[in-house]
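Reading through the C-alpha cells given below for one structure.
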C-alpha cells in the first residue's frame, strides 16, 4: 500500500516536472519565425541594378500573385507595349526598391509591400551589367550568407538592366522567373549555356585559379514585342565581368568541363555537299596536367557519342568508311569549339576551364610555385586535345531515302 | 473536509449494518414463514412469481417455487418442474425411502442441474440470476433448479470488425454464448474458463480464459489478482473492468485489447494471452496487449501474405497520417514555407489568400468540427447519420471553402486525416488526442514542436507496459523473430514461434519446415526441396 502511494506521488511529480519543462520551452522559444502563408510575398525573381541616380542598388522583385496564377486566363508580366497597371490579372508584381546595400534594399521593399518579402522560393538572381562590371560579390554576399535564400538560385547577368528582364512576359509560363530557371535547367538541350547557380558561383570564387562564367540574358524585340533570350556567356575576373564567350565558345568550355549532355553538332561536309546534324548522346572529358622539361602541358581528352540526327545531303553513311570519315569531321568540330573557347580565355588570361585546379590537385608544390603568375602561364600554355567522337546510331533509316546517283 | 470525513464514516457504518442484516440463516420449517421471508427480501415486484402448489407423494405436502418472470425458461419450469411435481407425482404409488426432497431431486425433476442449499442469501441470489427455487413445507433446505433462460440477441456479424473473407460471427451479450463460441473454435482440454462474480450490486459474471500449457501461469495469477481487488458496486460493461485493471490508467493508448470476434480471441489465447469475458458486453478483452496489435487486422490472415503485408504498411502510413498530417501541414504552412515545393506553395498561398484565420486555428477548428460531426453520426439512428455526413461533407466542407473561411488545403488535410483515423480503429482515441496536441504544438513551435511532441509520445510509449510486457515490443525491445508479424505478415507456414515475450512457456507453434512441398520425384534426390 505504501509502495502504491509512493508510486502515485512520483507520477504526480513527474507530471508537474513535464508541465514545467513544456512551459519553459514555450516561453523561451516563442514564435520566433511564425509567418502565415497569406502574409508572404513569394519572390520568384530578383533583379539587382545600379540606381539611375545616387549610389547603392536598385532591386526589382518579381512577386507572385498566387490567386492570379491559379486563375485561368491570366498572363505574366506587363504586356509588350508596356502599358502598366491597366490589366487586373497580372500574375506577378514587379516591386522596385532602393537601398545603399542589397540587404538594405530588400528591407526597404517594405515601404511598399505589406507582405513579408520571402526569398526562399526565389528562382533566379539577375544582375545588371553595370553592377556585374563593378563586382558581383558585394551583391550576392547577403544571398549566400542569409539562411533564407537558397544556394540553388540561378545567377545570370543582364545585358542591360535586370529589372527590365523581370518585367517581360514569358511565352507559356505564368511566372517569367520560373521560365528563366527552367531555361537554365534545360541547358543541356543545347549545351551552349553555362548554367550557374549561387553555389557554383561561390565555389568558383573560393577556387582562386578558376574564373567564373555566368550566362548573359538579353532582350529580343520582335514586331514590337519584347521577350528575353539567352545570349552569351560572361567571363568574370574574380567577381567582375570582363569578357564574353559566344555560344560556340560556351560549348567549347562545357566540353572541357564535362558538362555537355546533349545538343546538336552541325558538320559541314566537304565540297559543299551539305550539312549533317548529329545529336550528342553522351560526352566525357578528362583533364590531365603534365610537366615536360619544366613546361606545363595540359592534355584534354574528350570522348563523345552521337547519333545521326539528319542530313541535308544524300550521302550514304551506312558504310564503316563513310561513318569514320563523318566521325573525324565531328571530332574536328568539337576540337574547333574547344580551341575557340581556349583562345578567348587566353586573351583574357583567365582560366575558365579549371586547369589550374587540376594542376593543384596533381602537384600542389608546383602549383604553389606558379600560382602567382598563373594567368600568364595559362595564356602561354600548350593544350593538347584528343577528341574521340563516335557515331552510334543512324536513326530509323540507315540510308537516305534517295540515294545520290552519279548520272 | 470534515463533512466529507463524516460522510465517509457514516457510509462505513451503513455498510456494516447492511451486511449484518442478511448474514444470519433464518430458514424455518414452515413454508409460509419462509415464503414471507422471501417476499420481504425480494419485494413486491410483479415479475417475482411465487407459485404455491400441492405435492401428492404419500401425502399432501405444500410446496412452492419462486422464480423471476422473464429470466427463466418457462418451458423448463412448466415441463420439467411443475408438470412432474403436480401431475406425474400423483400417478404412481411411490415407495419413498429417503426424504421427500431427495426423492423429488432424484426421481421427478427433469432439470439439468439441481443443487440443495439452505443459505438464504445464496437462494435469493440464485433467484435473481434466473434460477428457480423449490421450497417444501417442513424442510429447512431448498432446491435450486437451473432454469436460466432469457431473451438473447442471436449471433450476428460484428459491426466494428468487418472482414471480407473471415468468419461472420461476433460475440453477443451473453457470456455463456461467448464462451461456447470460443470453445467451439478451440476444442482443447487445456482451454480453461475461470468464473467470478464482480460488482456487489450487479454481480456481473466475469470469466478469464486461457490455454493451459501455453499461457504463462504468472500472467494468469496477475489477472486473477487484479480482478480480485476490484471492489465496486457495478460492472456494466467490459470497460469498467479494463479501467480498473489497466497498467497505466492515464495513458491514452489502450493497454487492453478488445475484439468482437471469437476467431481473434482464440488466436490470441493460442499465443499465450489471457482473455477476459464480461457478461453483458459483446466484446472480449485480451491481455497483455501490444501497440502493434492495433495494426493487425483479422483479415490480414485471410488474404495472401504479400497483399496483407502491403496493406499493413498502408495501415502504418495511415496511422502517421492520422496523427501527423495536420501537424505537418500547420508547421509547413506557418513556419517552414521553404520546404514546400514552389508550385505547391503558390497553390497553397492562392487557396489561403484572404482566409481570416491562421492555419493552426483553421486546422484545429476543422478538426473539432469533424469530431463533432463524427460523434453526431455515430449516436444518431443510421438514416439520420447519413444525413449528417452529407451536411458535414458538402455543406460545411464546401461552403466554408466557397465562403473563404477556410482554405481548400485545410479541408483536404482534415478529410485525409479523418479517413486515415478509421483505418486503425483501436488507436482512434489516442489518435484524436495526439493529433490535436501535435497540431497545437506545430502551431506554436513548428517542426520543432512536432519533434518535441513525438519525443514525448515515444518516451511514454516505450515506458508503457501491459501486464508486464513492454507495450512497444517486439520493436522495443527488439525481437527479430517476432518481426514476422510486424514488418511483414509472414506466410502462415513461416509463423513457427509464438510471440517471445508472451508465449515463452511454449514458444514453438509448429514445425519449421511446413512450407508447401512438391511431391518428390522418385528418380532424383531432392530432399531439401521447398524448405525455406
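Residue numbers (the numbering used here), protein chains in the order written: chain A, 5 to 411; chain B, 6 to 537.
Glycine included, C-beta positions come from ideal geometry on N, C-alpha and C.
Report the rounded CA-to-CA distance for residue 526/B versus residue 517/B, giving the unit in angstroms.
22 Å
Mind pulling the chain B residues with CB within less than 7 Å of residue 70/A?
351, 354, 355 and 358
Between the region 251 to 268 of chain A and chain B, which residues of the former have CB atoms less than 8 Å from a CB of the latter, in chain order?
Residues passing the 8 Å Cβ filter: none.
Grab me the residues of residue 175/A's own chain with a C-beta within less than 8 Å of its C-beta, minus the 5 sequence neighbours each way, in chain order.
183 and 231
Can you check DSSP and say which residues form a bridge with residue 60/B?
66/B
Please classify residue 67/A: does DSSP put it in a helix, a strand, or coil?
strand
Could you tell me whether any Cβ in chain A is nearer than 8 Å to the Cβ of residue 256/B?
no
Is the separation between the beta-carbon of residue 293/B and that of residue 507/B shorter than 8 Å?
yes
To the nearest angstrom, report how far apart residue 70/A and residue 248/A are at their CA atoms.
38 Å
Residue 21/A touches chain B at which residues, Cβ-Cβ below 7 Å?
Result: empty, since nearest Cβ-Cβ is about 12 Å, beyond 7 Å.
Taking all protein chains shown into account, decide if residue 101/B is buried (16 or more other Cβ within 10 angstroms of its Cβ) or exposed.
Around the CB of residue 101/B, fewer than 16 other CB atoms lie within 10 Å, so the residue is classed as exposed.
Per DSSP, what kind of secondary structure is residue 99/A in: helix, strand or coil?
strand
Compute the Euclidean distance between the alpha carbons of residue 205/A and residue 387/A, then round it to the nearest angstrom.
25 Å
In the DSSP assignment, the beta strand (DSSP E) including residue 231/A goes from what residue to what residue?
First-last of the beta strand (DSSP E) with residue 231/A: 229 to 241.
If you measure beta-carbon to beta-carbon, which residues of the region 35 to 63 of chain A are closer than 8 Å to chain B?
Against chain B - using a Cβ distance shorter than 8 Å - the residues of the region 35 to 63 of chain A are 35, 37, 38, 39, 40, 41, 42, 44, 46 and 48.
DSSP three-state call for residue 324/B: helix, strand or coil?
helix
Cβ of residue 366/B within 8 Å of Cβ of residue 441/B?
no
Comparing C-alpha positions only, which one of 241/B, 216/B, 60/B and 259/B sits nearest to residue 199/B?
Of the candidates 241/B, 216/B, 60/B and 259/B, the residue whose Cα lies closest to the Cα of residue 199/B is 216/B.
Which residues in the same chain as residue 286/A place their Cβ atom closer than 6 Å to its Cβ, once the five residues preceding and following it in sequence are excluded?
309
Go through its chain and collect everything with a Cβ distance to residue 282/B's Cβ below 6 Å, but skip five positions before and after it.
Hits under 6 Å: 180, 183, 212 and 289.
Answer with buried or exposed for residue 70/B, where buried requires no fewer than 16 other C-beta atoms within 10 angstroms of its C-beta.
By the neighbour-count criterion, in which 16 or more other beta carbons inside 10 Å mark a residue as buried, residue 70/B falls on the buried side.
Which stretch, first to last residue, makes up the alpha helix (DSSP H) that contains residue 303/A?
Careful: residue 303/A lies outside any alpha helix (DSSP H), inside the beta strand (DSSP E) at 299 to 315.
Beta-carbon within less than 6 Å of residue 250/A's beta-carbon, same chain only, minus the 5 sequence neighbours each way: which residues are those?
Counting only Cβ-Cβ distances below 6 Å, and skipping sequence neighbours, we find 236.
DSSP has residue 120/A in a bridge; who is on the other side?
44/A
In whole angstroms, give me the CA-to-CA distance for residue 514/B and residue 524/B.
Computed Cα separation, rounded: 25 Å.
Out of 191/B, 88/B, 61/B and 45/B, state which residue places its alpha-carbon closest to the alpha-carbon of residue 97/B.
61/B
Taking all protein chains shown into account, decide if residue 75/B is buried (16 or more other Cβ within 10 angstroms of its Cβ) or exposed.
Answer is exposed; the Cβ neighbour count stays below 16.
My output table needs one value for residue 293/A: the three-state DSSP class, helix, strand or coil.
strand
When you compare the region 261 to 271 of chain B with the region 155 to 165 of chain B, are there three or more beta-carbon pairs, one atom per stretch, that lie closer than 8 Å?
yes
Looking at chain C, is there any beta carbon in it that lies within less than 8 Å of the beta carbon of residue 363/B?
In summary, chain C is missing from the structure at hand, where the protein chains are A and B.
Hey, how far is the Cα of residue 448/B from the Cα of residue 253/B?
One C-alpha to the other measures close to 29 Å.
Apart from the five residues just before and just after residue 379/B, which ones in its own chain have a Cβ nearer than 8 Å to its Cβ?
423
Give the secondary structure of residue 483/B by DSSP, where H, G and I count as helix, E and B as strand, and everything else as coil.
Residue 483/B: coil per DSSP, three-state reduction.
Is the separation between the beta-carbon of residue 390/A and that of residue 303/A shorter than 8 Å?
yes
Taking C-alpha atoms, which residue in 42/B, 153/B, 426/B and 134/B lies nearest to residue 299/B?
426/B
Who are the near neighbours of residue 477/B in its chain, counting only those whose CB is closer than 7 Å to its CB and skipping five residues on each side?
296, 466 and 467
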